[in-house]
Amino acid sequence: MHHIGGAWVPPASGSSLRETDPRSGEPSFSIARGSAPDVAHAVAVAQTAQPAWAGRRALERGAVLLAIARGLRAEAASLADIDQVETGRPRPQCLNDVEVSAQYFEFYGGLAPSIEGQTLDLGAGRHCYTRREPYGTVAVILPWNAPLNQAARAVAPALAAGNAMVVKPSEFTSVSTLRLAEVALAAGLPAGLVNVVTGTADEVGEPLVAHPGIAKVAFTGSLRAGRAIGRVAADRVIPVTLELGGKSPDLVFADADLPAAARGAVRGFTVNAGQACIAGSRLLVQRQVMNDFSELVRDELTRLSTGAADHDHIGPIITPAQYVRVCGFLDEARREGATVLGGGQPLPGPGHFVPPTAYVGLPPQSPLLQEEIFGPIGVLVPFDDEAQAVTMANDTPFGLAAGVWTRDLARAHRVAYQLLAGQVYVNEYPGGGIETPFGGYKASGIGREKGREALYHYTQLKTVIMKLE
Ligand code: NAD
């Protein structure tokens with residue numbers, strides 16, 4: 005069922021889709037197979053509910069968001085259960101995502117009353133001020149790698165700013181977002197503000213973006229889909245936030261604390277089994293420490309393990325198609341004769357497990373150094389000096405994140421300044437939290453989520469100019 009107008013609504017198609025538990029490869033939840041009539045219904049409901057919400061005092065909107073945060077924490081165990089079945093991730097990660105989701109509602113609940121305008125001096129004869137106003141109904145389209153977290157990341161600031169929305173989660177991980185809508189309703193959010201329509205990209209996503217009632221799109225997902233959505237939005241002249249992929253570099257200088265760098269860098273490309281847009285999958289290592297650092301990475305990889313014996317650290321690849329794609333990169337590395345520092349073979353079933361894997365000896369044009377992998381695979385490449393490191397780091401169409409490992413503070417700032425990336429992590433990977441603005445340079449996206457910055461992306465500015473005589 006969809007969750008529309010605060011109620012469970014059957015799909016117009018009368019049919020359903022089946023999710024898969026990536027730990028076993030077995031079918032799991034059944035979700036509604038949405039289509040254009042469901043989208044139209046949800047948009048109409050959102051448009052009806054939104055003006056009253058926007059008309060409430062920001063402090064009151066914020067109070068509802070704070071109640072949603074409490075509701076999420078109270079439901080942490082059941083939400084983590086759902087997340088675990090949908091994503092297969094280790095339970096601590098699922099629980100952490102519930103906590104982070106609650107923090108988004110807390111943060112934007114607190115910030116809601118701080119949305120403010122300015123007065124502008126046009127002389128004694130005029131009064132001029134600006135207002136930050138909501139767009140109306142926002143389409144939120146989500147991927148599968150951290151479903152609840154990414155839903156909360158968009159829903160909380162959009163609500164704080166006074167918008168209503170129609171959310172389309174990934175067809176592989178929809179249930180936690182449906183549950184979020186239920187928790188929000190129980191916490192006192194008026195019906196009709198968060199509507200969840202489940203289904204595929206072509207049957208729900210495309211009609212949603214094309215719907216004339218949608219005033220803005222907040223999309224998280226692949227570059228391919230982001231481009232398609234951007235084209236439709238350009239035609240309709242509506243704004244988009246695009247949070248897309250990456251091929252992020254992690255720079256290890258010879259003066260770094262090498263054991264800490266190896267731990268952090270391996271974490272950087274294995275976190276969430278590498279299914280993280282910020283995955284630091286290109287490890288650029290200063291040549292004089294390449295051998296030492298490779299050995300430290302090798303040790304770190306053996307410390308981590310996946311598969312039947314130990315699911316505590318790294319979960320499975322979440323979708324079957326992505327599993328096939330990640331295994332293709334392992335085959336490619338073998339064909340190219342790369343040296344394996346650890347991993348390199350998919351783990352035997354059941355489930356879609358790939359061990360943490362790192363390679364050395366791949367040429368710059370290798371697909372493993374060019375394409376987003378979205379699996380727990382990193383490649384080490386040597387560089388000679390700072391200038392070359394920066395050139396290599398920026399030599400990609402993407403610009404989501406970058407890491408720098410060094411003890412030299414001046415170098416850290418100098419390199420961070422030159423890196424073309426939306427976030428730069430120094431001596432940790434990744435870094436930041438709900439407070440830190442997040443988004444991409446270059447093909448990694450448009451706009452920013454998280455932090456105060458996201459609030460501005462869910463508002464539009466009106467200037468009022470009044471003649472006083
Ligand atoms: P995807 O682009 O295939 O799908 C994302 C969502 O968009 C899904 O709900 C899908 O059904 C929908 N969709 C796809 N095409 C659409 C279209 N033409 N119109 C409307 N909706 C459409 O991505 P995915 O495979 O689910 O997720 C993996 C990708 O997401 C990776 O590239 C990753 O880097 C990216 N990602 C980015 C961030 C970020 O914040 N920058 C975070 C997580 C994931």
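Each step along the sequence shown adds one to the number in the working numbering, with nothing skipped, and position 446 is 450.
Just so you know, even glycine gets a beta-carbon here, dropped at the ideal spot from N, CA and C.
In this text the structure is predicted, and so the values were computed from the model without any measurement.
Problem set entry | Near the ligand NAD: residue 233 beta-carbon under 6 Å from a heavy atom | Distances taken from the Cβ of residue 233 to the heavy atoms of the ligand NAD include one shorter than 6 Å.
For this session: Have a look at 105, 129 and 141 and flag the residue whose alpha-carbon is nearest the alpha-carbon of residue 183.
Result: Nearest C-alpha to residue 183: 105.
Exercise. What's the call for residue 12, buried or exposed, on a 16-neighbour Cβ count within 10 Å?
Worked result: Here residue 12 is exposed, its C-beta having fewer than 16 other C-beta atoms within 10 Å.
Problem set entry | Outcome for residue 295 when other beta-carbon atoms lying within 10 angstroms are tallied against a minimum of 16 | If you draw a 10 Å sphere on the C-beta of residue 295, you find fewer than 16 other C-beta atoms in it, and that means exposed.
Exercise. Taking 6 Å as the cut-off, is the CB of residue 224 close to at least one heavy atom of the ligand NAD?
Worked result: Checking the 6 Å criterion, the Cβ of residue 224 is within range of a heavy atom belonging to the ligand NAD.
Exercise. Alpha carbon to alpha carbon, what distance is there between residue 161 and residue 458?
Worked result: For residue 458 and residue 161, the distance between alpha carbons rounds to 7 Å.
For this session: Spell out the partners DSSP gives residue 450 in its beta bridges.
Result: Note: residue 450 sits in a beta bridge opposite 246.
For this session: Determine which residues share a DSSP beta bridge with residue 199 and list them.
Result: For residue 199, DSSP records a beta bridge to 170.
Exercise. What three-state label does DSSP hand residue 48 in the structure shown?
Worked result: Correct three-state label for residue 48: helix.
Exercise. Would the C-beta of residue 209 count as close to the ligand NAD, meaning under 6 Å from any of its heavy atoms?
Worked result: Correct: residue 209 has its Cβ closer than 6 Å to the ligand NAD.
For this session: Below 6 Å CB to CB, which residues in the same chain sit around residue 15 once its five sequence neighbours on both sides are set aside?
Result: Around residue 15: 36, 37, 38 and 42.
Problem set entry | Beta-bridge pairing of residue 34 - partner residues as DSSP gives them | According to DSSP, residue 34 bridges with 22.
Exercise. Where DSSP assigns a beta bridge to residue 251, which residues make up the other side?
Worked result: Residue 251 is not bridged to any residue.
Problem set entry | Euclidean distance between Cα positions of residue 252 and residue 285 | Between residue 252 and residue 285, the C-alpha separation is close to 6 Å.
For this session: Please indicate yes or no: does the CB of residue 247 lie closer than 6 Å to some heavy atom of the ligand NAD?
Result: Indeed, a heavy atom of the ligand NAD lies less than 6 Å from the Cβ.
Exercise. Does the distance from the C-beta atom of residue 330 to that of residue 321 stay below 7 Å?
Worked result: At a Cβ-Cβ threshold of 7 Å, residue 330 and residue 321 count as neighbours.
For this session: Tell me whether the beta-carbon of residue 412 lies closer than 7 Å to the beta-carbon of residue 259.
Result: The answer is yes: Cβ separation under 7 Å.
Exercise. Taking just the CA atoms, how far does residue 306 sit from residue 335?
Worked result: Cα atoms of residue 335 and residue 306: separation of roughly 21 Å, rounded to the nearest angstrom.
Exercise. Using CA coordinates, which residue listed in 267, 168, 151 and 57 is at the minimum distance from residue 434?
Worked result: When only C-alpha atoms are compared, the closest one is 267.
Exercise. Closest by CA to residue 395, which one among 368, 414, 376 and 464?
Worked result: Looking at the Cα atoms, 368 is the closest of the given residues.
Problem set entry | Close beta carbons around residue 188, own chain, < 6 Å, minus the five adjacent residues each side | Counting only Cβ-Cβ distances below 6 Å, and skipping sequence neighbours, we find 72 and 198.
Exercise. Which residues does DSSP pair with residue 7 in a beta bridge?
Worked result: Checking the DSSP bridge columns, you'll see residue 7 partnered with 12 and 200.
Exercise. Does the segment 232–250 come close enough to the segment 61–80 to have 3 or more Cβ pairs within less than 8 Å?
Worked result: Segments in contact, no.
For this session: Output the distance between the C-alpha atoms of residue 474 and residue 223, rounded to the nearest integer angstrom.
Result: Residue 474 lies beyond the range of the chain shown here (5 to 473); nothing can be said about it.
For this session: Give the secondary structure of residue 241 by DSSP, where H, G and I count as helix, E and B as strand, and everything else as coil.
Result: If DSSP states are grouped into helix, strand and coil, residue 241 belongs with coil.
For this session: Could you spell out the range, first to last residue, of the beta strand (DSSP E) harbouring residue 427?
Result: Residue 427 -> beta strand (DSSP E) spans 427–430.
Exercise. Less than 6 Å between the CB of residue 276 and some heavy atom of the ligand NAD, yes or no?
Worked result: No heavy atom of the ligand NAD is found nearer than 6 Å to the CB of residue 276.
Problem set entry | Separation of residue 277 from residue 315, as counted between CA atoms | Because residue 315 carries a pLDDT of 40, less than 50, the predicted location of this residue cannot be relied on, and the following value inherits that uncertainty. In this structure, the CA atom of residue 315 is about 11 Å from the CA atom of residue 277.
Exercise. CB of residue 377 to nearest heavy atom of the ligand NAD: below 6 Å?
Worked result: Residue 377 Cβ: outside cutoff for every heavy atom of the ligand NAD.
For this session: Please report how far the alpha carbon of residue 164 lies from the alpha carbon of residue 69, in whole angstroms.
Result: Their Cα atoms are separated by approximately 7 Å.
Exercise. How long is the line joining the alpha carbons of residue 122 and residue 101, rounded to whole angstroms?
Worked result: For residue 122 and residue 101, the distance between alpha carbons rounds to 36 Å.
Problem set entry | residue 453 classed as buried or exposed, judged by whether at least 16 other C-beta atoms fall within 10 angstroms | Per the 10 Å Cβ criterion, buried.
Exercise. Given residue 313, which residues of its chain have a CB within under 7 Å of its CB, disregarding the five upstream and five downstream residues?
Worked result: Because residue 313 carries a pLDDT of 37, less than 50, the predicted location of this residue cannot be relied on, and no value is offered for it.
Exercise. By DSSP, does residue 349 sit in helix, in strand, or in coil?
Worked result: DSSP places residue 349 in coil when its eight states are reduced to three.
For this session: Consult DSSP for residue 473 and reduce its assignment to one of helix, strand or coil.
Result: In the structure shown, residue 473 sits in coil (DSSP, three-state: anything other than H, G, I, E or B).
Exercise. Quick one, which of 291, 271 and 297 has its alpha-carbon nearest residue 262's?
Worked result: With distances taken between CA atoms, residue 262 lies nearest to 297 out of 291, 271 and 297.
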